[in-house]
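**Q** Heads up: the sequence shown at position 26 corresponds to 44 in the numbering used here, and the numbers run straight through without jumps. Ideal Cβ positions, reconstructed from N, Cα and C, are used throughout, including at glycine. Sending over a structure as structure tokens; questions will come in a sec.
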Amino acid sequence: MTVGRREKNKQQTRDRLLSAARELLATRGSEATVEEIAERAAVSRATFFNYFPSKDALIDALYAELMELFGEVVDAMLDERLSTYDRVVGVFTDFAQTSAADPDYMRVVTGELERMYAASESLGENSHLFTTQVRRLIEPGLEQGDLRTDHPVEFLAQMVAAIYLSTMRYWRIDPDLKIGEIFERAGRFAAESITVR
Numbered sequence: 019m020t021v022g023r024r025e026k027n028k029q030q031t032r033d034r035l036l037s038a039a040r041e042l043l044a045t046r047g048s049e050a051t052v053e054e055i056a057e058r059a060a061v062s063r064a065t066f067f068n069y070f071p072s073k074d075a076l077i078d079a080l081y082a083e084l085m086e087l088f089g090e091v092v093d094a095m096l097d098e099r100l101s102t103y104d105r106v107v108g109v110f111t112d113f114a115q116t117s118a119a120d121p122d123y124m125r126v127v128t129g130e131l132e133r134m135y136a137a138s139e140s141l142g143e144n145s146h147l148f149t150t151q152v153r154r155l156i157e158p159g160l161e162q163g164d165l166r167t168d169h170p171v172e173f174l175a176q177m178v179a180a181i182y183l184s185t186m187r188y189w190r191i192d193p194d195l196k197i198g199e200i201f202e203r204a205g206r207f208a209a210e211s212i213t214v215r
């Protein structure tokens, strides 16, 4: 199915708004305004609101992008012949590498997400989406025989997700933490907690 010019233009405008938001969040932090984002994207404030009803809705879209990327990392791990241990450490390491490339943006966007979800009913839904991806990552360990069976898989996925998110929070609030080191250590701890060797 071919995409019409109008749909293509709409997608390009949306992409420009998201790109402008990523740039401004990295440089201005949560102080970046809708007006600044619209200006950076070369659109009017009204156009911004045609695409996103609020700045929080735009942050939600950025979260959706991050979740899509996380899902792609999970897919890549599942495509390789890896142990559950190595897959878990791999997703932690991937976050560290991705964040090290643009730490200011990742700190701001994860902080904004935490703020938004703490004040809304979306927290449970978004936590479930993340935990579902983690479960996809570890569930093959049942067939491989290297995943603990004394706890339900859902519980193990929740614990790995909790370690991941807590590590992200500590890194975000403490700029002195070395992201590669802390995420590798947290990944090894999470992997050791749920696997049998």
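So is residue 130 buried or exposed if we call it buried at 16+ other beta carbons inside 10 Å?
**A** The residue in question, residue 130, is buried, as its Cβ has 16 or more Cβ neighbours within 10 Å.
**Q** Beta-carbon within less than 6 Å of residue 212's beta-carbon, same chain only, minus the 5 sequence neighbours each way: which residues are those?
**A** If we look at residue 212 and ignore the five residues flanking it on each side, its Cβ neighbours are 166, 174.
**Q** CA-CA distance, residue 59 and residue 33?
**A** Using only the alpha carbons, I get a separation of about 9 Å.
**Q** What does the alpha-carbon distance come out to for the pair residue 114 and residue 76?
**A** For residue 114 and residue 76, the distance between alpha carbons rounds to 24 Å.
**Q** Should residue 128 go down as buried or exposed, given a rule of 16 or more other Cβ atoms within 10 Å for buried?
**A** So residue 128 ends up on the buried side.
**Q** May I have a chain-ordered list of the alpha helix (DSSP H) segments no shorter than 4 residues that lie completely inside the region 46 to 127?
**A** 52 to 58, 63 to 69, 73 to 97, 102 to 119, all fully within the region 46 to 127.
**Q** Hey, is the region 55 to 69 in contact with the region 37 to 46, meaning 3+ C-beta pairs nearer than 8 Å?
**A** The region 55 to 69, when compared against the region 37 to 46, does touch it at the 8 Å Cβ threshold.
**Q** Ignore the nearest five residues each way along the sequence and tell me which others in residue 121's own chain have a CB closer than 8 Å to its CB.
**A** Cβ within range, chain order: 197.
**Q** When the Cα atoms are used, what is the spatial distance from residue 96 to residue 62?
**A** Answer to the nearest angstrom: the Cα atoms are 43 Å apart.
**Q** For residue 66, does the count of other Cβ atoms within 10 angstroms reach 16, so buried, or fall short, so exposed?
**A** By the 10 Å Cβ count, residue 66 comes out buried.
**Q** Would you kindly report the start and end of the unbroken alpha helix (DSSP H) that includes residue 157?
**A** Element bounds for residue 157: n/a, residue is neither H nor E.
**Q** How big is the Cα-Cα spacing for residue 203 and residue 179?
**A** C-alpha separation (whole angstroms): 15 Å.
**Q** Buried or exposed: residue 80, going by 16 or more other Cβ atoms within 10 Å of its Cβ?
**A** The residue is buried, with at least 16 neighbouring Cβ atoms inside 10 Å.
**Q** Taking contact to mean at least 3 C-beta pairs separated by less than 8 Å, is the region 143 to 162 in contact with the region 91 to 106?
**A** Counting Cβ pairs under 8 Å, three or more are found: they touch.
**Q** Take residue 51 as the anchor and find which of 31, 73, 68 has the nearest alpha-carbon.
**A** Of the listed residues, the one whose Cα sits closest to residue 51 is 73.
**Q** From what residue to what residue does the alpha helix (DSSP H) around residue 174 run?
**A** Where residue 174 is concerned, the enclosing alpha helix (DSSP H) stretches over 171 to 191.
**Q** Out of 158, 124, 209, 214, which one is the CA nearest neighbour of residue 48?
**A** Answer by Cα proximity: 124.
**Q** With DSSP as the reference, please indicate the residues paired to residue 213 in a beta bridge.
**A** Bridge partners of residue 213: 165.
**Q** What's the gap between the Cα of residue 24 and the Cα of residue 192?
**A** Distance between the alpha carbons of residue 24 and residue 192 is about 45 Å.
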